[in-house]
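Undergrad: Below: one structure in structure tokens.
Protein chains: 2
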Amino acid sequence: MIHNRVKLLRTERGLSRKDLADAVGVNFQTIGYLERGDYNASLELAFKIADYFELPIDMVFSPRPFKSMAEELAELKAKAAK
Amino acid sequence: MIHNRVKLLRTERGLSRKDLADAVGVNFQTIGYLERGDYNASLELAFKIADYFELPIDMVFSPRPFKSMAEELAELKAKAAK
DNA sequence: CATAAATGTTGTATATATACAATAATATGA
DNA sequence: TCATATTATTGTATATATACAACATTTATG
């Protein structure tokens, strides 16, 4: 199973599933399936979603569970401060 | 259609399709299909292949055609030299 | 050259991703 | 509270990814 941050990124931007679905050209229920982890996006859809958020694909999808973005950010800042 | 560098990376390392297929846990013919562009890898398989090559997924798969790696390398070196 | 290994081709079967529809449940806003 | 938008749930249908097998063709190697 591939983990993703779709729901987080979508809500962060105040988008409904339909908004995102329309933007990437799929049915709004498909976004629901992805967010719930019912199944994985295709590679093509994964790239479209990442492109839409203007993020590299591996910031949106990962074979390993994501840390929270806050956590990641804090770690990077700590590292940069050294 | 998603472009990929699977064949390039595989042959660069002197691997047969079967070698790579075994390493990522799919049928050897599946690797053939991907290399020929008959269909796209699933997101899961894409991550496994990228992991196997120890590369970020977007260096192996892309919605846009890849430049040759030589070209990319040369450009980066030129930029770094500035 | 002869043999084996790797790749290509074709065909069938199964699993998974996506679409679409109808309805229920939940949240949001006037 | 009422109305509306959003999300969840269930079911059916289609497209695409993957497995597997048999055989042809190409490439490597003794």
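Residue numbers (my numbering), protein chains in the order written: chain R, 140 to 221; chain A, 140 to 221.
The C-beta atom is built at its ideal place from N, Cα and C for all residues, glycine as well.
If you're wondering where the values come from, they're calculated on a predicted model, not measured in any experiment.
1) By Cβ distance below 7 Å, which residues in the same chain neighbour I196(R) in space, the five residues on each side in sequence not counted?
2) Take the Cβ of T150(A) as the centre, count every other Cβ of all protein chains shown within 10 Å, and call the residue buried at 16 or more, exposed below.
3) Taking Cβ-Cβ distances shorter than 7 Å, what residues in chain R pair up with I196(A)?
4) Show which residues of chain A have a CB atom less than 8 Å away from the CB atom of P202(R).
5) Is the shortest distance between the beta-carbon of A217(A) and the beta-carbons of chain R less than 8 Å?
6) Does the beta-carbon distance from R152(R) to I170(R) come in below 8 Å?
7) Note down, in chain order, every chain R residue with its Cβ under 7 Å from the Cβ of N179(A).
TA: In brief:
1) As a working mapping, residue 196(R) is identified with position 57 in the first sequence. These residues qualify, in order along the chain: A185, F186 and A189.
2) The residue given as residue 150(A) occupies position 11 in the second sequence. Burial call: exposed.
3) Start at 1 with the first residue of the second sequence, and residue 196(A) comes out as number 57. The contacting residues are I196 and D197.
4) Your numbering for residue 202(R) matches position 63 in the first sequence. In chain order: E183, F186, K187 and D190.
5) For this step, residue 217(A) is matched to residue 78 along the second sequence. Closer than 8 Å: no.
6) For the purposes of this step, residue 152(R) is taken as residue 13 along the first sequence, with counting starting at 1. For the purposes of this step, residue 170(R) is taken as residue 31 along the first sequence, with counting starting at 1. Taking 8 Å as the Cβ cut-off, R152(R) and I170(R) do not qualify as a contacting pair.
7) Residue numbering aside, residue 179(A) sits at position 40 when the second sequence is read from its first letter. Here the neighbours are S181, L182 and E183.
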